[in-house]
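The next block holds one structure in the form of structure tokens; read it before the comments.
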Amino acid sequence: MAQSILGSSPVCKPEFPRSSASTSSVSGSKLNVSDIDRTQLGFLNSSKTNLPLRLKALSEGVGLVQETKETTPKFISKPDDTFSEMRNRFLSFKKHKYLENLECYKELAEAQAPKFLVISCADSRVCPSYILGFQPGEAFIVRNIANFVPPFENGPCETNAALEFSVNDLQVENILVTGHSCCGGIRALMSMDDEEKSSSFIKNWVKVGKAAKSTTKTIASNLTFDQQCKHCEKESINNSLLNLLTYPWIEKRVSKGLLSLHGGYYDFVECTYEKWTLDYQKKSQKQEIGGYAIKNREFWS
Ligand SMILES: [Zn+2]
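Take 667 as the starting number for the sequence shown in my numbering and just add one per residue.
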């Protein structure tokens, strides 16, 4: 495995409590488990994705498709197999997903109206559509190293271009910033010298998370480096949620109740998912260090 500033993604041992019966915070705002509500991911059961619209005439056109089994991940191991396997996967998708839900895909060809913007790490193990089941048309997704949201004052980049389009044009109702265990980007952030001038694109990008690093170094200094990295993985998600509010057009929609901001954390060592929602309305609980309360915390295991 190639070594780089992002490292070789060591396997981390989880040290966070795995029960949902705990308090949690965004930069220190604590709430009780009694605030936990039901998940807001009910849209995943959209009936649109189950339309029995198989069209015989069209499906005959893919009669030579070699079946692929989706119940077990099949990895492409030999370079020569890459595109033949990819071709089989595409044709299987066309036969079993596209043509069997043709009406849905015809609607999507006209326009998209996703309810979610998802900001996820580019790590190959954490595809949000795969682990959270987003179907085509359900989520506008932007992926970058360590799922950061830069603050408004940092100026244009591809992540906030996606924010602008999805919030102002698509008018998504939810933004989910989803992080993960063993994140190489967070490890790079935690390892780097903050004063160092570097030409590395990676180092200059992960600096976006330096507030989360600073908080982690302050409140988790007693932990091991691996544990601090894990703490920072979650802290940076909260930092990104607060950074979202630096965009005037995002805060405006959040304040009107038209847009909700959510954090998510996928532990792929234990295969658990934690999610929470920023409680913008509870400004009375705003902390001295600039945090907001959270609500609707859930732990899926
Ligand atoms: Zn990552």
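Even glycine gets a Cβ: it sits at the ideal position worked out from N, Cα and C.
- If you check the CB distance, I797 and Y939 come in under 9 Å.
- The chain-ordered list of residues whose CB is nearer than 6 Å to some heavy atom of ligand 1 reads C787, D789, A812, H846, C849, G850, G851.
- By the neighbour-count definition (other C-beta atoms within 10 Å, threshold 16), L765 is a buried residue.
- Spanning the alpha carbons of G851 and Q894 requires a straight line of approximately 13 Å.
- The beta carbon of E751 lies closer than 6 Å to those of I742 in the same chain, with the five residues before and after it left out.
- The three-state reading of DSSP puts R791 in coil, since its state is none of H, G, I, E or B.
- Annotation for L774: the continuous alpha helix (DSSP H) segment containing it runs 768-776.
- Counting every other CB atom within 10 Å of its CB across the protein chains shown gives R753 a total below 16, marking it as exposed.
- Each residue's CA atom was taken as its position, placing V784 and S902 some 15 Å apart.
- Here F800 is buried, its C-beta having at least 16 other C-beta atoms within 10 Å.
- Bridge pairing for F749: absent [DSSP].
- Here P794 is buried, its C-beta having at least 16 other C-beta atoms within 10 Å.
- Burial state of T844 is buried, judged by a 10 Å Cβ sphere holding 16 or more other Cβ atoms.
- Secondary structure at A812: helix, using DSSP grouped into helix, strand and coil.
- P780 is positioned such that its CB atom lies closer than 9 Å to that of V838.
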